[in-house]
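Q: Chains as they are written, first to last, in the numbering used here: chain A, 1 to 361; chain B, 1001 to 1184; chain C, 2001 to 2246.
Let me give you the structure first, and then I'll get to my questions.
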Ligand SMILES: Cc1ncc(C[n+]2csc(CCOP(=O)(O)OP(=O)(O)O)c2C)c(N)n1
């Protein structure tokens, strides 16, 4: 297969097309403009392709809802401020159990913030974001290849579980180019039949798709149903990467861009100092969060170093996963700052030796 | 080995495409590579720059806080980016446009008069390819021969008409460095 | 010697970030001159947009508050209702006002909020790199209409003044341009009139200004000015669109 040098945003777009996405709705915002621009060109070539530059993110996410309920694979993308506007629609998608893929190429916030890469929307993505009791499936790619692979996969997950799925990248992953192999559709992959979509009630009872459930008992049961669904997703779809864990006595936990920098830092440290045994757990799904992987690591490893390009959001999930075991160290660079592997390495090494000294005392 | 290079200049000087061509060549030579352009309002302000990272192993960050090489096509980039260079780093500049004053003592520099050389070839649009040829010569980052061979693939069908001029420019830049071994 | 020209007090002495040939800087200057001449500098409160003019607060030396993209007229409404005696104006691009902010603009106008909107129509999204705007002309190529805007699927360009004209509570709507000295002077007069309407507490006023964007139109500055005359002003006729005597 042929490798191509592609932008992260374009890789997402092409993977979506290959996954059978025929509808894209979006609104310009930096640093993800190249994705709608790519889709405006590509969807014109796809039979039945629909591209609309909506008048706002609010409109775009609701166009996604419409295309989804009509049976199409639909996607929207934006960056942090625009994702805030999409929350109403995401809540409705979740409540109505409609599949959709939403891409967030995060930038520095809050407010208008800036256009530099950041990881400040973790809470928004993993804690629902919109109103109501629901969970979003959130993939956090760390390379252009993963942006393609996970986008391709996200459409299957969305359809299989009838749920909105988010791809959470950042300005760096969106703007950079890397060699990538775009996944191709597999023949014969069985997907559940979409027996809920609206096609007109010809020869069958009329269908209704909604999130309004006035009867409290029914609404309660609907909420528990969403919980059971998420449990199933948690069991089957949770993904993470372990790196150099075998001999590690400290684990770095990081996702996306932060994880690739952490990997660079770990390689650097291990090369320079054979005594420094640091590994990494990289959540690939940040929701559901790889709780088991972290708990298992905690049986032998006592120090957990969380690195995020934020003031500390995923660190809460690590704390919950550890349930009081082990010590958590945190290093954060919010506001659009991307540290170098060297800088991060220094911080890791300092805490590593500090931890060892403490253990000996 | 991991080498980061910043290409910088005015918008329209082909800075971004030069970086992309290098990145594609690196990919075709089986290396790990990332390309990161400056983006947003910064680009429309008139200057452009990009960072190309080439490595034998996975690349952590595509951002260059301390690049090994800087290629500066205009005066503002010459001044701005030499400050970023790693101590002992190399600054390659366009001596047709850049007056090399105020140079750091702990870096090496080399000027290439790309506009004049491009005029000699008869096409000023390929000045950036002269710079790329010179860059390969001073850095030995990739194989010159293989890169020359891959150029048709890299430039693609869209640039087929300009292929010859680009190849010639690329070779001209490379040989300029070889011919002027001891600087100008 | 007599000073005949100087930087207005309301304009800060800093270089602007705008591209060469951009109309925003001219419009900033006109506003600053008027605030000086009308003695309104200390009364003025401006709500700049998300858009190329997002940094207007670095240039105008008056009170400013940032609004989310498209929400400027809603924010201005809040300010004006609390401070009815201040001069409150928003400064918005075509994407900001006529796409994401249409609802806010329409309803502020319909309520007859006593505010002024400076509406800069450059037919594209400048800040984000030249995507289609609600005011992009039919057939015009942008980064999201690579084949040209198709009025059948993307809609024809929206004429904001004409849209607002039918609302009972709009008082003063004029369309001008900043592509020639004569048009610049007309623009200044129009903004002066709009501020005057607000001072008389007469209601909602808006000045739409056709403004060149050479970078995203991929033209030079001179060609951009000609293009406004020859192409843009045909779609968006210049002149007073509505004026209720007050
Ligand atoms: C909610 C939200 N969506 C998108 C953006 C990105 N954005 C910033 S300015 C802008 C539009 C700029 O166009 P326009 O209003 O026409 O003003 P111009 O830049 O052309 O002056 C957009 C889409 C944002 N800041 N917030």
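Ideal Cβ placement from N, Cα and C applies to all residues, glycine included.
Within the present structure, is the beta-carbon of residue 2128 of chain C separated from the nearest heavy atom of ligand 1 by less than 7 Å?
A: Yes, Cβ of residue 2128 of chain C sits closer than 7 Å to a heavy atom of ligand 1.
Q: With 8 Å as the threshold, decide whether the Cβ of residue 2066 of chain C is near any Cβ in chain A.
A: With 8 Å as the cut-off, residue 2066 of chain C counts as an interface residue toward chain A.
Q: Quick check: does the Cβ of residue 2023 of chain C come within less than 7 Å of any heavy atom belonging to ligand 1?
A: No, the beta carbon of residue 2023 of chain C sits no closer than 7 Å to any heavy atom of ligand 1.
Q: Between which two residues does the alpha helix (DSSP H) holding residue 315 of chain A run?
A: From DSSP, the alpha helix (DSSP H) with residue 315 of chain A extends over 314–322.
Q: According to DSSP, is residue 66 of chain A helix, strand or coil?
A: Helix at residue 66 of chain A.
Q: Please list, in chain order, the chain A residues whose beta carbon lies closer than 7 Å to that of residue 2050 of chain C.
A: Result: 112.
Q: Please report the distance separating the alpha-carbon of residue 1123 of chain B from that of residue 1115 of chain B.
A: Distance between the alpha carbons of residue 1123 of chain B and residue 1115 of chain B is about 9 Å.
Q: Let me see if you follow: with CB-CB separation under 8 Å, is residue 2069 of chain C close to chain A or not?
A: Yes - at least one Cβ of chain A is within 8 Å of the one on residue 2069 of chain C.
Q: Could you spell out the range, first to last residue, of the alpha helix (DSSP H) harbouring residue 2161 of chain C?
A: Its alpha helix (DSSP H) spans residues 2160–2165.
Q: Helix, strand or coil, according to DSSP, for residue 1011 of chain B in the structure here?
A: Three-state result, residue 1011 of chain B: coil.
Q: Counting only C-beta atoms, is residue 88 of chain A closer than 8 Å to chain C at any point?
A: Chain C contact via Cβ: absent.
Q: In chain C, which residues lie with their C-beta within 8 Å of the C-beta of residue 243 of chain A?
A: Ordered by position in chain C, no residue passes the 8 Å Cβ test against residue 243 of chain A, which lies about 37 Å from the chain.
Q: Determine whether the Cβ of residue 958 of chain B lies closer than 8 Å to any Cβ atom of chain A.
A: Past the boundaries of the shown model lies residue 958 of chain B; chain B is included only from 1001 to 1184, so the question cannot be answered.
Q: Could you run through the stretch 29–44 of chain A and flag, in chain order, every residue whose CB is less than 8 Å away from some CB of chain C?
A: Against chain C - using a Cβ distance shorter than 8 Å - the residues of the stretch 29–44 of chain A are 29, 30, 33, 36, 37, 40, 41 and 44.
Q: For residue 2112 of chain C, which residues from the same chain have a beta carbon less than 7 Å from its beta carbon, with the 5 sequence-adjacent residues on both sides left out?
A: Correct list, in chain order: 2169, 2203 and 2204.
Q: Check whether the Cβ of residue 2096 of chain C lies closer than 7 Å to any heavy atom of ligand 1, and answer yes or no.
A: Yes - ligand 1 has a heavy atom lying nearer than 7 Å to the Cβ of residue 2096 of chain C.
Q: Got a sec: which bits of the stretch 317–349 of chain A sit with their beta carbon under 7 Å from any beta carbon on chain B, in order along the chain?
A: Against chain B - using a Cβ distance shorter than 7 Å - the residues of the stretch 317–349 of chain A are 338, 340 and 341.
Q: So residue 2131 of chain C contacts chain A; which residues on that side make the cut at Cβ distance below 8 Å?
A: Simply 28, 33, 36, 37 and 53.
Q: In chain A, what lies closer than 9 Å to residue 2209 of chain C by C-beta?
A: By Cβ distance, chain A contributes nothing, its closest Cβ being about 21 Å from residue 2209 of chain C, past 9 Å.
Q: For residue 1049 of chain B, is the classification buried or exposed, using 16 other Cβ atoms within 10 angstroms of its Cβ as the cut-off for buried?
A: Answer is buried; the Cβ neighbour count reaches 16.
Q: Of all the CB atoms in chain C, is at least one closer than 8 Å to the CB of residue 81 of chain A?
A: True, the Cβ-Cβ gap to chain C drops below 8 Å.
Q: Please identify the residue among C/2025, C/2108 and C/2021 whose C-alpha is closest to the C-alpha of residue 2014 of chain C.
A: Answer by Cα proximity: C/2025.
Q: Measuring only the C-alpha atoms, how far is residue 302 of chain A from residue 249 of chain A?
A: Residue 302 of chain A and residue 249 of chain A: Cα-Cα distance of roughly 7 Å.
Q: Can you give the Cα-Cα distance for residue 1184 of chain B and residue 155 of chain A, rounded to whole angstroms?
A: Confidence is the limiting factor: at residue 1184 of chain B the pLDDT is only 49, short of 50, which leaves the residue's position unreliable and the question unanswerable from this model.
Q: If you run the structure through DSSP and keep just helix, strand and coil, what is residue 1184 of chain B?
A: For residue 1184 of chain B, the predicted structure reports a pLDDT of 49, less than 50, and the residue's modelled location is therefore unreliable. The matter cannot be settled from this model.
Q: Go ahead and pull the three-state DSSP assignment for residue 2207 of chain C.
A: Looking at residue 2207 of chain C - three-state DSSP - the assignment turns out to be strand.
Q: Mark residue 2022 of chain C as exposed unless 16 or more other C-beta atoms lie within 10 angstroms of its C-beta, in which case mark it buried.
A: The residue is buried, with at least 16 neighbouring Cβ atoms inside 10 Å.
Q: Going along the chain, which unbroken runs of the beta strand (DSSP E) with 3 or more residues stay wholly within the stretch 16–44 of chain A?
A: You should have 21–26.
Q: I want to see whether chain C comes within less than 8 Å of residue 56 of chain A, judged by CB atoms only; does it?
A: With 8 Å as the cut-off, residue 56 of chain A counts as an interface residue toward chain C.
Q: Chain B partners of residue 5 of chain A, CB-CB under 8 Å?
A: Within 8 Å Cβ-Cβ: 1020, 1023, 1024, 1027, 1033 and 1035.
Q: At a cut-off of 7 Å, is residue 2028 of chain C close to ligand 3 when judged by its beta-carbon and the heavy atoms of the ligand?
A: Because ligand 3 does not appear in the structure shown, any question about it cannot be addressed here, the ligands present being ligand 1.
Q: Quick one: Cα of residue 2011 of chain C to Cα of residue 325 of chain A, how far?
A: For residue 2011 of chain C and residue 325 of chain A, the distance between alpha carbons rounds to 59 Å.
Q: If we cut at 8 Å on Cβ distances, does residue 280 of chain A have a partner in chain B?
A: It does not; no Cβ of chain B falls within 8 Å.
Q: Can you pull the chain F neighbours of residue 2147 of chain C, defined as C-beta to C-beta under 8 Å?
A: Going by chain labels, chain F is absent from the structure shown, which instead holds the protein chains A, B and C.
Q: Can you tell me which of A/309, A/360, A/56 and A/357 puts its alpha carbon nearest to the alpha carbon of residue 122 of chain A?
A: Checked all of A/309, A/360, A/56 and A/357; the closest Cα to residue 122 of chain A is A/309.
Q: Buried or exposed for residue 2125 of chain C, please, with buried defined as at least 16 other CB atoms from any protein chain shown within 10 angstroms of its CB.
A: Flag for residue 2125 of chain C reads buried.
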